[in-house]
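So the sequence shown is numbered by the numbering used here: it starts at 27 and just counts up by one.
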Amino acid sequence: MNGDETSITANPRGLSHGTGHVSEPRSHFLGGLLSLVGIIVLPLIVYYLWFCLRDHDGNLFVPEPGDLGLILQTMPTVTSVLIFSGWMLLHAVLQIVGPGRWHEGTPLADGTRLSYRMNGMFAFWVSLGALVLAVYMKWLDPTILFYPNASEYGSLITTVNIFAFGFSLFLSFFGKWKYPNDKRTGNFFYDYFLGTSLNPRIGSFDFKFFMESRPGLIGWVAINFVLAVEQSNREHGITLPMYLVFAFQFMYVADYFWHEPAILTTWDIKHENFGWMLVWGDLVWVPFTYTLQAYYLVEHGHTLSWWGAAGIVALNLLGFMIFRGSNWQKHCFRLDPTKPIWGRPAEYIRTQYGSLLLVSGWWGIARHLNYLGDLMMALAWCLPCLFGSPLPYFYFAYFLILLIHRERRDHNMCHDKYGADWETYCQRVRWRILPYVY
Numbered sequence: 027m028n029g030d031e032t033s034i035t036a037n038p039r040g041l042s043h044g045t046g047h048v049s050e051p052r053s054h055f056l057g058g059l060l061s062l063v064g065i066i067v068l069p070l071i072v073y074y075l076w077f078c079l080r081d082h083d084g085n086l087f088v089p090e091p092g093d094l095g096l097i098l099q100t101m102p103t104v105t106s107v108l109i110f111s112g113w114m115l116l117h118a119v120l121q122i123v124g125p126g127r128w129h130e131g132t133p134l135a136d137g138t139r140l141s142y143r144m145n146g147m148f149a150f151w152v153s154l155g156a157l158v159l160a161v162y163m164k165w166l167d168p169t170i171l172f173y174p175n176a177s178e179y180g181s182l183i184t185t186v187n188i189f190a191f192g193f194s195l196f197l198s199f200f201g202k203w204k205y206p207n208d209k210r211t212g213n214f215f216y217d218y219f220l221g222t223s224l225n226p227r228i229g230s231f232d233f234k235f236f237m238e239s240r241p242g243l244i245g246w247v248a249i250n251f252v253l254a255v256e257q258s259n260r261e262h263g264i265t266l267p268m269y270l271v272f273a274f275q276f277m278y279v280a281d282y283f284w285h286e287p288a289i290l291t292t293w294d295i296k297h298e299n300f301g302w303m304l305v306w307g308d309l310v311w312v313p314f315t316y317t318l319q320a321y322y323l324v325e326h327g328h329t330l331s332w333w334g335a336a337g338i339v340a341l342n343l344l345g346f347m348i349f350r351g352s353n354w355q356k357h358c359f360r361l362d363p364t365k366p367i368w369g370r371p372a373e374y375i376r377t378q379y380g381s382l383l384l385v386s387g388w389w390g391i392a393r394h395l396n397y398l399g400d401l402m403m404a405l406a407w408c409l410p411c412l413f414g415s416p417l418p419y420f421y422f423a424y425f426l427i428l429l430i431h432r433e434r435r436d437h438n439m440c441h442d443k444y445g446a447d448w449e450t451y452c453q454r455v456r457w458r459i460l461p462y463v464y
């Protein structure tokens, strides 16, 4: 049904492999090698971006060999371990005991369905409410992460990295032991990177579902809040650009939890094994790179004209409407193809495999119009930082490359699977992402 639902909430890391497990040993070797490179390089990128903010006034710089020693100065501290372990424990408890309805996932290979407790909105408000209350009552000093205690932020990055690597190793052996029949390649690094099981869980507690949404995604908003408090302390108030960035990203995450059941039809939940790629992406990549704009604004406070702010708000709202509307249409269509779209019966192409390719509503305009909405929002999150440095635009540039690559990958996968039916679909829906351009 038109590929997978790609978004920074459906797949917030943007690191999804998504091509399935290849079967040739040579491909296994290459995949293992590339996985090893990714495991080394991606964490270094996160540290590099932070060093740009901390040591270079938000500007890019050319690293020198000696800069690697800076990472050694960010070893875990008692404070960073307590912050992270407390946050993880809080969300694990909220996942287990928080009120919420149970939803069944899509059918597995054997026809069974797993059940998931949907209480993300409860966890979202309770955890953030507790954070705000603790700061307001002065039980917690959020500035402990920043100057003059800047090492705590770096220590937190390292603490979460170490946990992600260790927990991924646990998952690697746990999956082989508990789910011996799940797909894997046999290459240690490739399986460690991609994961050795599809739905690792203990009882009804699903590790992948939990990590996909709770500690990292809500942590993104929590760090933004702490950064806004830090700016308020330095500037004696919060600037309009910081308000915009916080509001846009807060709305995005809150909307994710409002539509939380939709995650059960995404590629990550349905097809991706749960390994380092998703664990590290959920816990490190999301909260420590998606907060770049807010971090940059802490030391680069400025104002915006009313017309500039209005234009950025309009861009974000239009992107949100396209993103949410298209993804929700697809989710509803997957659940019930007879449900009307825009007041008319849904139009689709039935393939020889029985799959349905939606060609009405948003999906009749472009094959991945949801990607366009995502990109519009990403740009709106960067523009409040203006143009003093390219660093705040890292997310937009990275996501643009990612989504174009993913669209090409999905196109090739669907063409291989559906053949002539896919060609008919492409003739019906000509544009890939941006109508009349691409």
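Glycine included, every Cβ here is placed at the ideal spot set by N, Cα and C. None of these values were measured; they are calculated from a predicted model.
From which residue to which residue does the beta strand (DSSP E) around residue i run?
| i | result |
| --- | --- |
| S239 | Premise fails: S239 lies in the alpha helix (DSSP H), F233 to S239, not in any beta strand (DSSP E). |
| S141 | S141 to M144 |
| E130 | R127 to E130 |
| Y374 | Y374 to R376 |
| L409 | Segment: none, L409 is in no beta strand (DSSP E) and carries neither H nor E. |
| L384 | L382 to L384 |
If you compare alpha carbons, which of the options is closest to residue i?
| i | options | result |
| --- | --- | --- |
| V119 | D93, F346 and A149 | A149 |
| T292 | W354, P241, G327 and T329 | W354 |
| W448 | P418, Y464, L383 and Y421 | L383 |
| G146 | P125, W165 and A156 | P125 |
| L395 | I430, W407, P416 and S177 | I430 |
| P371 | T105, H129, Q378 and C358 | C358 |
| I367 | V385, I375 and I188 | V385 |
| L70 | N342, P91 and E433 | P91 |
| G387 | R454, T377 and G380 | R454 |
| D167 | E238, A254 and N85 | A254 |
| L290 | Y142, G180, P206 and H82 | Y142 |
| L343 | L94, V67, M402 and K204 | M402 |
| T211 | W457, S111 and S61 | S61 |
| Y74 | F276, L86 and D362 | L86 |
| A336 | L409, E298, A320 and S239 | L409 |
Over what stretch of residues does the alpha helix (DSSP H) that includes residue i continue unbroken?
| i | result |
| --- | --- |
| E178 | S177 to K204 |
| I427 | F420 to Y444 |
| L304 | W302 to W306 |
| P366 | Premise fails: P366 is in no alpha helix (DSSP H) and is neither H nor E. |
| M114 | V104 to V123 |
| Q275 | L266 to W284 |
| L417 | It is not in any alpha helix (DSSP H) - L417 carries neither H nor E in the DSSP assignment. |
| P168 | Run containing P168: none; DSSP gives neither H nor E here. |
| D136 | Neither: D136 is in no alpha helix (DSSP H) and is coded neither H nor E. |
| F214 | F214 to L220 |
| L96 | L94 to L98 |
Under 8 angstroms between the Cβ atoms of residue i and residue j?
| i | j | result |
| --- | --- | --- |
| I459 | L398 | yes |
| F274 | W407 | yes |
| L318 | Y216 | no |
| W246 | P287 | no |
| P226 | G192 | no |
| I183 | V104 | no |
| N294 | F349 | In the sequence on display, residue 294 carries Asp and not Asn. Not in contact: D294 and F349 (Cβ atoms no closer than 8 angstroms). |
| F300 | S223 | yes |
| I391 | T450 | no |
| V279 | L243 | yes |
| F219 | W302 | yes |
| L323 | C452 | no |
| T265 | G351 | no |
| T364 | Y444 | no |
| F110 | V186 | yes |
| Q257 | S177 | no |
For residue i, count the other beta carbons within 10 Å of its own beta carbon; 16 or more makes it buried, fewer makes it exposed. Which is it?
| i | result |
| --- | --- |
| M101 | exposed |
| V463 | exposed |
| A190 | buried |
| D308 | buried |
| T138 | exposed |
| I427 | exposed |
| G221 | buried |
| P418 | buried |
| M163 | exposed |
| M347 | exposed |
| P267 | buried |
| S33 | Bear in mind that the predicted position of S33 carries a pLDDT of just 36, short of 50, making it unreliable; the figure below should be weighed with that in mind. S33 should be labelled buried. |
| N250 | buried |
| T45 | For T45, the pLDDT reaches just 34, beneath the cut-off of 50, and the residue's location in the model is therefore unreliable, leaving the point undetermined. |
| P461 | exposed |
| A423 | exposed |
| G414 | exposed |
| V310 | buried |
| G29 | Confidence at G29 is low in this model, with a pLDDT of 44, below 50, so its placement is unreliable and the value that follows should be read with caution. Classification of G29: buried, given that the 10 Å Cβ count is 16 or more. |
| G345 | buried |
Next on the checklist: As an exercise, report each continuous alpha helix (DSSP H) stretch of at least 4 residues that is fully enclosed by the region 289-340, in chain order.
Outcome noted: With a minimum length of 4 residues, the continuous alpha helix (DSSP H) runs that stay inside the region 289-340 are 293-297, 302-306, 312-315 and 318-325.
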